[in-house]
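**Q** Counted the way mature numbering (1 follows the signal peptide of the UniProt record, and there is no 0) counts, the sequence shown spans residues -19 to -1, 1 to 89.
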Amino acid sequence: MKGLITGVLLAITSTYALASPNTMSKAEIEKYYAQLKKYKTPKGEENKMSVKYDTKNKKVMMASTMDYDMEKQGKCADRLFTGKETKKLDEMAKGRTGEVDLIFDCSQ
């Protein structure tokens, strides 16, 4: 009986997942970016990225920003996730171990 209930729930979940795609169309993406252009970056948050950095594996786990300039966000994220800034991040995390939260200035 327990297996039957699990099977039914699994079938419902997988059907729902197939019916609702998690991607946006090109028109939806353009609309989303147009909405973001209305907002201004909060003062003092320009060029700053909040980074979760794993000191053991020397890898960026996550990055976020309040800067609404999409071009700056893309360039900074590329630098962080391709490993070009590993030396700077190691220097910032010096003396700490595990996953650490850092504020990275992308204008450097």
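Cβ atoms here follow ideal geometry from the backbone N, Cα and C, with glycine treated the same way. Remember, it's a predicted structure, so these values are computed and weren't measured experimentally.
1) Run the CB neighbour count on Glu26, radius 10 Å, all protein chains shown included, and call it buried at 16 or more, exposed below.
2) Note down the Cα distance separating Gly55 from Leu61, rounded to an integer number of angstroms.
3) From Val81 to Lys40, what distance separates their C-alpha atoms?
4) Taking only the alpha-carbon atoms, compute the straight-line gap between Asp33 and Phe85 and give it to the nearest angstrom.
5) Please confirm whether any heavy atom of the ligand MG lies closer than 8 Å to the CB of Tyr49.
6) Quick one: is Ala74 buried, meaning 16 or more other Cβ sit within 10 Å of its Cβ, or exposed?
7) In this structure, how does DSSP classify Tyr13 when only helix, strand and coil are distinguished?
8) From the DSSP output, in three-state form, read off Glu80 for me.
9) Taking Ser45 as the reference, which of Thr4, Met5, Glu66 and Cys57 has the closest Cα?
10) Measure how close the beta-carbons of Gly79 and Lys37 come, nearest whole angstrom, since I'm counting them as under 8 Å.
**A** In brief:
1) For the purposes of this step, residue 26 is identified with residue 45 of the sequence shown, where counting begins at 1. That one is exposed.
2) The residue given as residue 55 occupies position 74 in the sequence shown. The residue given as residue 61 occupies position 80 in the sequence shown. Distance between the alpha carbons of Gly55 and Leu61 is about 10 Å.
3) Working through the sequence shown from its first residue, we reach residue 81 at position 100. Working through the sequence shown from its first residue, we reach residue 40 at position 59. If you take the alpha carbons of Val81 and Lys40, they lie about 11 Å apart.
4) Position 52 of the sequence shown holds residue 33. Position 104 of the sequence shown holds residue 85. The residue you asked about is not Asp; residue 33 is Lys in the sequence shown. For Lys33 and Phe85, the distance between alpha carbons rounds to 10 Å.
5) As presented, the structure is devoid of all ligands, the ligand MG included, so that no description of it is given.
6) As a first step, residue 74 must be located in the sequence shown, where it is residue number 93. Ala74 should be labelled buried.
7) Start at 1 with the first residue of the sequence shown, and residue 13 comes out as number 32. The answer is helix: DSSP assigns Tyr13 an H, G or I state.
8) Sequence index remark: in the sequence shown, residue 80 carries index 99 (1-based). If DSSP states are grouped into helix, strand and coil, Glu80 belongs with the strands.
9) To locate residue 45, count along the sequence shown from 1; it is residue 64. Of Thr4, Met5, Glu66 and Cys57, the residue nearest in Cα terms is Cys57.
10) Here residue 79 corresponds to residue number 98 of the sequence shown, with the count starting at 1. Here residue 37 corresponds to residue number 56 of the sequence shown, with the count starting at 1. So it is a contact: roughly 7 Å between Cβ atoms.
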